[in-house]
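One structure is given below, encoded as structure tokens.
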Amino acid sequence: MSATTPSTGDPAGALGLEDLCAEAVDPLEVAAGLEADGMNDEAARRAGHSDVFAFAETLFAEADRRPRAVEPAPNPWRGTAWRHLLRGLLFGLPGLCYLVATPLLTGPGAAPVLIVSLLASWTLGQGVAYLGYVRAGQADAAGAARVMRYGLVAGALATLSLTALSGLVLGADGPATALAAGQCLYLLAATVVLVNGEEGRLLLAFGPGVTATLAHLATGESGGLPVPPAVWWAWTATVGATVALAFHGTRRDRAARSPGRPVVTRQELAAAAPHAAFGLLAGGLLSHSLLNDLAGRPASATATTAAVLALSLSMGAAEWTLFGYRRATHDLLHRNVTVAAFSRGARVALSRAVTRYLLSLALLLAVVAALAGVPVEAAPMWVLGGHLALGCAFFVALTLLSCGRVSIVLGGCALALAGEASVVRLVGDAGPGVVEAAASGTLFAALGGYALVALSHVTCHR
-2 MSATTPSTGD
8 PAGALGLEDL
18 CAEAVDPLEV
28 AAGLEADGMN
38 DEAARRAGHS
48 DVFAFAETLF
58 AEADRRPRAV
68 EPAPNPWRGT
78 AWRHLLRGLL
88 FGLPGLCYLV
98 ATPLLTGPGA
108 APVLIVSLLA
118 SWTLGQGVAY
128 LGYVRAGQAD
138 AAGAARVMRY
148 GLVAGALATL
158 SLTALSGLVL
168 GADGPATALA
178 AGQCLYLLAA
188 TVVLVNGEEG
198 RLLLAFGPGV
208 TATLAHLATG
218 ESGGLPVPPA
228 VWWAWTATVG
238 ATVALAFHGT
248 RRDRAARSPG
258 RPVVTRQELA
268 AAAPHAAFGL
278 LAGGLLSHSL
288 LNDLAGRPAS
298 ATATTAAVLA
308 LSLSMGAAEW
318 TLFGYRRATH
328 DLLHRNVTVA
338 AFSRGARVAL
348 SRAVTRYLLS
358 LALLLAVVAA
368 LAGVPVEAAP
378 MWVLGGHLAL
388 GCAFFVALTL
398 LSCGRVSIVL
408 GGCALALAGE
418 ASVVRLVGDA
428 GPGVVEAAAS
438 GTLFAALGGY
448 ALVALSHVTC
458 HR
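When we follow this note's numbering, the leftmost residue of the sequence shown carries the number -2, and every step to the right adds one.
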């Protein structure tokens, strides 16, 4: 192109820049196009403008705006409903064994040992899952398999040692300690299996334990009686099958060491620590009401167990709803042209997601309570309301974690747990579940209010 501009009523057309001027977002883009085509300030002055930028401003102002439609980027937040719901079922099915194992929990130190093993397993499991997902997200399948295999072995050794030590210190008997140890192995191994996306195989591994448990419950002889040997063997088979699945999914041909790369770096461990801490805090909040039962404080053990089981089952619905929320905000980013419009849409999307999760948790709570023989209308209002609020708080916490807001989640959960424990210890509970409900409601209100503000910012959804 010549460095001079022909005299014409359509300078952009004469320069062959119609498309650039029609699609440019500002005059600077037009100026860049002019300079790329050889235009300089001297040529712009010959065309009657002081410099290239003045010429670009004129072309931009006179252009007919025709922005080209941009093909939307693929939405990464796509999920399969059945997979998420199956994961929720797998979260909740282990709770069936506690209906049969109730006699084991009445002995001295039995339930505290079970809770210690639960908290340790949740903590390490969350950390291992984070590391596995990070490596998988880096397209490092071998690294993900390797870190999960080492994490499974190290986590099992740590949690089993802690469980055995707790059993000795608290005076728990052998069967109760064995149940807690089996819980450790199952939770850690199941975490690895779920990260590998093998939900279907894990459901098959559940076969022996679930079948034996349901058959024993169907006889109506579970209350107050020792766990039959056949049920013990079935549970052992389920735990063994789950561990085998975990090792198979991280087998050596998939876990080959990448040259020069350690199993896990210090930076990765530091990044996983907050997620492990969330597992510990979430387990503490969920099991605090059970600890109150053990301390002899007023509570409804049956209603509490039903609520905890329903909350565990609802994690599948929580995952599916969270994916729906992230999918909606991704679409909002590409559909809205102003920050204000996106912020309004993001707040509406979050409110709808929390409402959907609350309705699904309430439905599960009603179903589980009915199956457990606890009519919802007869259950303590504070127990049910507290677990509904706790479930919503967990859902908002998971949403914030997925958007990188880790510190506020850990701080809020830690304060709620510390406040709940302090109040119950110092002044006791005014009624079944009142303090737990107050702590859960406060946590939900705090995290929910923060999320409505923070997650309305575009930068949270990069």
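Virtual Cβ for every residue (Gly too), placed ideally from N, Cα, C.
Practice problem: Check whether the Cβ atoms of Leu282 and Ser404 sit closer than 9 angstroms, and answer yes or no. | Solution: The criterion of a C-beta distance shorter than 9 angstroms is not satisfied by Leu282 and Ser404.
Quiz item: Pick from Asn37, Val49, Asp61: whose alpha carbon is nearest that of Asp16?
Solution: For Asp16, the nearest C-alpha among the options comes from Asp61.
Quiz item: Residue range of the alpha helix (DSSP H) that Glu54 falls in?
Solution: From DSSP, the alpha helix (DSSP H) with Glu54 extends over 49 to 59.
Self-check item: Thr103 versus Val432 - alpha carbon distance
Solution: One Cα belongs to Thr103, the other to Val432, and the distance between them is close to 24 angstroms.
Quiz prompt | Three-state class that DSSP yields for Met36 in the structure shown | solution = Three-state DSSP puts Met36 in coil, outside helix and strand.
Quiz item: For Leu278, which residues of its own chain have a beta-carbon under 8 angstroms away from its beta-carbon, when the five flanking residues on both sides are left out?
Solution: Closer than 8 angstroms at Cβ, skipping near neighbours: Leu407, Cys410, Ala411, Leu414.
Quiz item: Rounded to the nearest angstrom, how far is the Cβ of Val380 from that of Ala443, given a contact under 8 angstroms?
Solution: Contact flag wrong, Cβ pair sits at about 21 angstroms.
Exercise. For Val450, collect the residues of the same chain with a Cβ closer than 6 angstroms to its Cβ; drop the 5 residues on either side in sequence, then sort them by chain order.
Key: Residues of the same chain with their beta carbon placed closer than 6 angstroms to that of Val450 are lacking, with the five preceding and five following residues left out of the count.
Quiz prompt | the segment 307 to 316 touching the segment 353 to 367, judged by at least three CB pairs closer than 8 angstroms | solution = As far as the Cβ criterion goes, the segment 307 to 316 touches the segment 353 to 367, which means the pair count is three or higher.
Exercise. Can you check the segment 172 to 239 for any alpha helix (DSSP H) of at least 4 residues that lies completely inside it and give the ranges in chain order?
Key: Here the runs fully enclosed are 196 to 202, 204 to 215.
Quiz prompt | Contacts around Met(-2), its chain only, beta-carbon distance under 6 angstroms, and the 5 residues preceding and following it disregarded | solution = For Met(-2), the pLDDT reaches just 39, beneath the cut-off of 50, and the residue's location in the model is therefore unreliable, although a value from the coordinates is still provided. If we look at Met(-2) and ignore the five residues flanking it on each side, its Cβ neighbours are Asp34, Gly35.
Quiz item: Thr247 and Arg146 look like a contact to me (Cβ under 8 angstroms); what is the Cβ gap, rounded to whole Å?
Solution: With 8 angstroms as the limit, Thr247 and Arg146 qualify as a contact, their Cβ atoms being about 4 angstroms apart.
Self-check item: Given Thr352 as reference, the closest of Thr318, Leu14, Ala51, Ala153 once Cα atoms are compared
Solution: Nearest of Thr318, Leu14, Ala51, Ala153 to Thr352, Cα basis: Thr318.
Self-check item: Residues near Arg459 by beta carbon distance below 6 angstroms, same chain, minus five either side
Solution: Once the five neighbours on either side are set aside, Arg459 has no close Cβ partner at all.
Quiz prompt | Among Ser47, Leu111, Tyr127, Leu329, the one whose alpha carbon lies nearest that of Gly148 | solution = In this structure, Tyr127 is the residue among Ser47, Leu111, Tyr127, Leu329 with its C-alpha nearest to the C-alpha of Gly148.
Quiz prompt | Rounded Cβ spacing between Leu189 and Val125 (contact assumed at less than 8 angstroms) | solution = Here residue 189 is Val; the residue named in the question, Leu, does not match the sequence. Between Val125 and Val189 the Cβ distance is about 7 angstroms, and since that is below 8 angstroms, they are a contact.
Exercise. Please go through the segment 119 to 174 and give each complete beta strand (DSSP E) segment of 3 or more residues, from N-terminal end onward.
Key: Listed in chain order, the beta strand (DSSP E) runs fully inside the segment 119 to 174 amount to none, counting runs of at least 3 residues.
Quiz item: Nearest to Tyr183 by alpha carbon, out of Asp137, Leu121, Leu214?
Solution: Ranking the options by Cα distance to Tyr183, first place goes to Leu121.
Quiz prompt | Residue range of the unbroken alpha helix (DSSP H) whose run includes Cys94 | solution = Unbroken alpha helix (DSSP H) run through Cys94: 93 to 97.
Quiz item: Can you find at least 3 beta carbon pairs, one from the segment 153 to 170 and one from the segment 100 to 114, that sit closer than 8 angstroms?
Solution: Yes, the segment 153 to 170 is in contact with the segment 100 to 114.
Quiz item: Which residues in the same chain have their Cβ closer than 6 angstroms to the Cβ of Gly383, if we skip the five residues on either side of it in sequence?
Solution: Excluding sequence positions up to five before and after Gly383, its CB lies within less than 6 angstroms of the CB of Gly430, Glu433, Ala434, Ser437, all in the same chain and listed in chain order.
Quiz item: Which residues in the same chain have their Cβ closer than 8 angstroms to the Cβ of Thr235, if we skip the five residues on either side of it in sequence?
Solution: Non-local C-beta neighbours of Thr235 in its own chain, meaning closer than 8 angstroms and more than five positions away in sequence, comprise Tyr183, Ala202, Phe203, Gly204, Pro205, Gly206, Val207, ordered along the chain.
Exercise. Would you check if the distance between the CB atom of Glu196 and the CB atom of Arg84 is smaller than 9 angstroms?
Key: If you check the CB distance, Glu196 and Arg84 come in under 9 angstroms.
Quiz item: Alpha carbon to alpha carbon, what distance is there between Leu199 and Asp328?
Solution: Between Asp328 and Leu199, the C-alpha separation is close to 34 angstroms.
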